[in-house]
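Some notes on the structure that comes next.
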Amino acid sequence: MTEPVLIKRHAVATRVWHWVTAITMFIMIGSGVGILKAHPRFYWGRYGANFDSAWTTLDQWPNWVVTGLNLITIPASYNLAISRRWHLLFALVLAFALLGFMVVSLINRHFQRDLRVRAAEIAPRELAHDVREHLALRFHDPRKPGAYNILQKLSYVATIFVLIPLMIFTGLAMSPNMDAAWPWLLDLFGGRQSARSIHFIAASGLTLFIVAHLALVILAGVWNEVRSMITGRWAQPEDAA
Amino acid sequence: MILTRRALVGGAAIGAGALLTGCDKVIQHPTARRILFMGEEMNRGLQRALTDRAALAPEFSPAQMSPIFRSNGTRDPGTPGYTAMVANNFADYRLKIGGLVDRPLSLTLPQIRQMPQRAQITRHDCVEGWSAIGKWQGPKLGALLTAAGLRPQARYIVFTCADLYRGTPYYESIDLVDAFHPQTILAWALNDRVLDVAHGAPVRLRVERQLGYKHAKYVMAIDAVASLDGIGKGKGGYWEDNVDYDWYAGI
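Below is the structure:
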């Protein structure tokens, strides 16, 4: 058996951002659920309170979801003020870490080199091929083992450029002072209660991404993947070497 | 080293659980608590630095108003003094403006209603997450403070209310940026009717770029102060003092 070939895969900025964001996401979801419990009803439009019609409420959710939410709140017992303290401090960490990562990743060409989606890659035939490869637990193209596959690229692009920015801007749209300063936020999302609903839906999307991401890390080989995110070095699969 | 998937998933669950309880343990430490609470200063500083201090809160059309404007917090102060005022239709009510001012005022409701008025249809955002849109009317707080002659040492405006919340006198405070904002008014009318008891009769504060808990109801006295020390527990309001709410409620 030959020694695995270690290739340099992740730049230091990518690794630092990844772990900062991983911890921040964990705190944002836990404290976000804590805040949600203060008024677990969602509305479309500019206003919405108990007497107004909600598109969903906590009591319409399956029991296992409600039980699960109770397990992950920060703090563990209901405390709106402390949930908000965690949420609003780490919101700054999330937003500024993303901004810094975006600037550095343009300069070090991580975005252009690794995340650029090419037209040929999103042809239905190519996408179907990558889905079959995933189902067969083959995540790396033997010709370019260090590159992201197209499903990976699309999910990272969606997370970095759509979901997290959407979380940040819908979050700002819930701030009464930001609504005064930036009224376009309300026009963009169709009102504060719509922004709050989109914030919740995007957070659910991010949670799904995290679950899929962790599952794929496990399936792709946990030590190799975690090491590559800590040291930057990643072992090429043997069939690719 | 061999890691089974079962061990990994179990380990991840224990790790997540440890982190969760860790979050609660961490903030019992005074330094960690101070860091966590610094978020308020950071958000306030950023918002004040990056946004226009005079920017107006969005105003809405009559068609966009909530069909029902819900009330919460204290819905009736119920103290003997307040109940007597209600029975008398607030004929004996006097709004006192004092503290660091040159000409303390004591205003009756008719006097408040005869001053230059501002009416605005705005959105009330409760810290819990709900919003309601209603029309408020009353004199600008800034005009009252100018009439009273604010002294240069004044930095905060404190509102003393008629209600006790869980036995503690309710109060709130804002700084001069918000106090002199054109939409900061002392409302005596909601949706073109005289304010009812549930919504803060006879007079409540509207400070439109802050969350609902800053909009003190049942305002009895307004004092200009140099510092919030020595008032209540010193954090600037009932909720700030007793349950760790942020004093800055613009976010």
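If you're matching them up, the sequences are chains W and U in order.
FYI, the numbering for the first sequence is 1 to 241, going by UniProt numbering.
FYI, the numbering for the second sequence is 1 to 251, going by UniProt numbering.
Built from N, CA and C at the ideal position, the CB exists for glycine as well.
Given the structure is predicted, the values throughout are model-derived calculations rather than measurements.
Neighbour flag for residue i against chain W, beta carbons, 8 angstroms
| i | result |
| --- | --- |
| residue 55 of chain U | yes |
| residue 112 of chain U | no |
| residue 83 of chain U | no |
| residue 232 of chain U | no |
| residue 243 of chain U | yes |
| residue 128 of chain U | yes |
| residue 58 of chain U | yes |
| residue 75 of chain U | no |
| residue 31 of chain U | no |
| residue 70 of chain U | yes |
| residue 20 of chain U | yes |
| residue 228 of chain U | no |
| residue 28 of chain U | no |
| residue 250 of chain U | yes |
| residue 39 of chain U | yes |
| residue 66 of chain U | yes |
| residue 51 of chain U | yes |
With 16 other Cβ atoms within 10 Å as the buried cut-off, status of residue i
| i | result |
| --- | --- |
| residue 1 of chain U | At residue 1 of chain U, the pLDDT of 42 sits below 50, so the modelled position is not reliable and the matter cannot be decided from this model. |
| residue 42 of chain U | exposed |
| residue 103 of chain U | exposed |
| residue 77 of chain W | exposed |
| residue 29 of chain U | exposed |
| residue 122 of chain U | buried |
| residue 38 of chain U | exposed |
| residue 47 of chain U | buried |
| residue 234 of chain U | exposed |
| residue 120 of chain U | buried |
| residue 122 of chain W | exposed |
| residue 193 of chain U | exposed |
| residue 203 of chain U | buried |
| residue 3 of chain W | exposed |
| residue 34 of chain U | exposed |
| residue 211 of chain U | buried |
| residue 8 of chain W | exposed |
| residue 176 of chain W | buried |
| residue 118 of chain W | exposed |
| residue 236 of chain U | buried |
is_contact[residue i, chain U] using C-beta, thresh 8 angstroms
| i | result |
| --- | --- |
| residue 51 of chain W | yes |
| residue 68 of chain W | no |
| residue 108 of chain W | no |
| residue 177 of chain W | yes |
| residue 72 of chain W | yes |
| residue 146 of chain W | no |
| residue 181 of chain W | yes |
| residue 34 of chain W | no |
| residue 29 of chain W | no |
Reference residue i; option with closest CA among the options
| i | options | result |
| --- | --- | --- |
| residue 158 of chain U | U:167, U:149, U:176, U:143 | U:176 |
| residue 147 of chain U | U:51, U:24, U:115 | U:115 |
| residue 230 of chain W | W:20, W:4, W:3 | W:20 |
| residue 56 of chain W | W:220, W:210, W:194 | W:194 |
| residue 39 of chain W | U:31, U:131, U:32 | U:131 |
| residue 215 of chain U | U:242, U:202, U:186, U:221 | U:186 |
| residue 18 of chain W | W:99, W:53, W:33, W:79 | W:99 |
| residue 126 of chain W | W:212, W:149, W:144 | W:149 |
| residue 143 of chain W | W:43, W:37, W:236 | W:236 |
| residue 186 of chain W | U:220, U:58, U:151, U:212 | U:58 |
| residue 199 of chain U | U:25, U:72, U:31 | U:72 |
| residue 169 of chain U | U:55, U:77, U:27, U:56 | U:77 |
| residue 20 of chain U | W:51, W:83, W:191 | W:83 |
Residue i CB to nearest heavy atom of the ligand HEM below 7 angstroms
| i | result |
| --- | --- |
| residue 87 of chain U | Within the structure as shown, the ligand HEM is missing, as the structure has no ligands at all. |
- Query: Between the stretch 74–101 of chain W and chain U, which residues of the former have a C-beta closer than 9 angstroms to a C-beta of the latter?
  - Reply: Across the stretch 74–101 of chain W, CB contacts with chain U closer than 9 angstroms involve 74, 75, 76, 77, 79, 80, 81, 82, 84, 85, 86, 87, 88, 89, 90, 91, 92, in sequence order along the chain.
- Quick one: which residues of the stretch 37–48 of chain W get their C-beta closer than 7 angstroms to a C-beta of chain U? List them in chain order. Taking 7 angstroms as the Cβ-Cβ cut-off against chain U, the residues of the stretch 37–48 of chain W that qualify are 38, 39, 46, 47, 48.
- Given 8 angstroms, three or more beta-carbon pairs between the stretch 108–127 of chain U and the stretch 217–225 of chain U: With the cut-off at 8 angstroms, the stretch 108–127 of chain U and the stretch 217–225 of chain U do not touch.
- Item | Cβ contact check for the stretch 163–179 of chain U and the stretch 67–78 of chain W: 3 or more pairs under 8 angstroms | By the criterion of at least three beta-carbon pairs nearer than 8 angstroms, the stretch 163–179 of chain U is not in contact with the stretch 67–78 of chain W.
- Message: Residues of the stretch 183–213 of chain W in Cβ contact with chain U at a cutoff of 9 angstroms, in chain order, please.
- Response: Along the stretch 183–213 of chain W, going in chain order, the ones with a CB nearer than 9 angstroms to a CB of chain U are 183, 186, 191, 192, 193, 196.
- Is the stretch 180–188 of chain W close to the stretch 45–62 of chain U, with three or more CB pairs under 8 angstroms? Yes, the stretch 180–188 of chain W is in contact with the stretch 45–62 of chain U.
- Query: For the UniProt domain "Oxidoreductase molybdopterin-binding" (89–224) of chain U, which residues have a CB atom closer than 8 angstroms to at least one CB atom of chain W, in sequence order?
  - Reply: Within the UniProt domain "Oxidoreductase molybdopterin-binding" (89–224) of chain U, the residues whose Cβ lies closer than 8 angstroms to any Cβ of chain W are, in chain order, 123, 125, 126, 127, 128, 129, 130, 131, 132, 133, 208, 209, 210, 211.
- Task: Kindly confirm or deny that the stretch 125–137 of chain W and the stretch 49–65 of chain W touch, where touching means at least three C-beta pairs closer than 8 angstroms.
- Result: These segments do not touch.
- Is the stretch 131–145 of chain U close to the stretch 62–80 of chain U, with three or more CB pairs under 8 angstroms? Cβ pair count under 8 angstroms is three or more, so yes.
- Task: May I ask you to verify whether the stretch 146–161 of chain W touches the stretch 87–94 of chain U, counting CB pairs closer than 8 angstroms and requiring at least 3?
- Result: With the cut-off at 8 angstroms, the stretch 146–161 of chain W and the stretch 87–94 of chain U do not touch.
- Query: Is the stretch 26–42 of chain W close to the stretch 193–212 of chain W, with three or more CB pairs under 8 angstroms?
  - Reply: Touching, yes, given that three or more Cβ pairs across the two stretches are closer than 8 angstroms.
- Message: At a CB distance below 8 angstroms, what residues from the stretch 216–230 of chain W approach chain U? Give them in sequence order.
- Response: For the stretch 216–230 of chain W, which is checked against every Cβ of chain U, the residues closer than 8 angstroms are 218, 222, 223.
- Message: With three or more beta-carbon pairs closer than 8 angstroms as the criterion, would you say the stretch 161–173 of chain W touches the stretch 89–96 of chain W?
- Response: With contact defined as three or more Cβ pairs closer than 8 angstroms, the stretch 161–173 of chain W and the stretch 89–96 of chain W are in contact.
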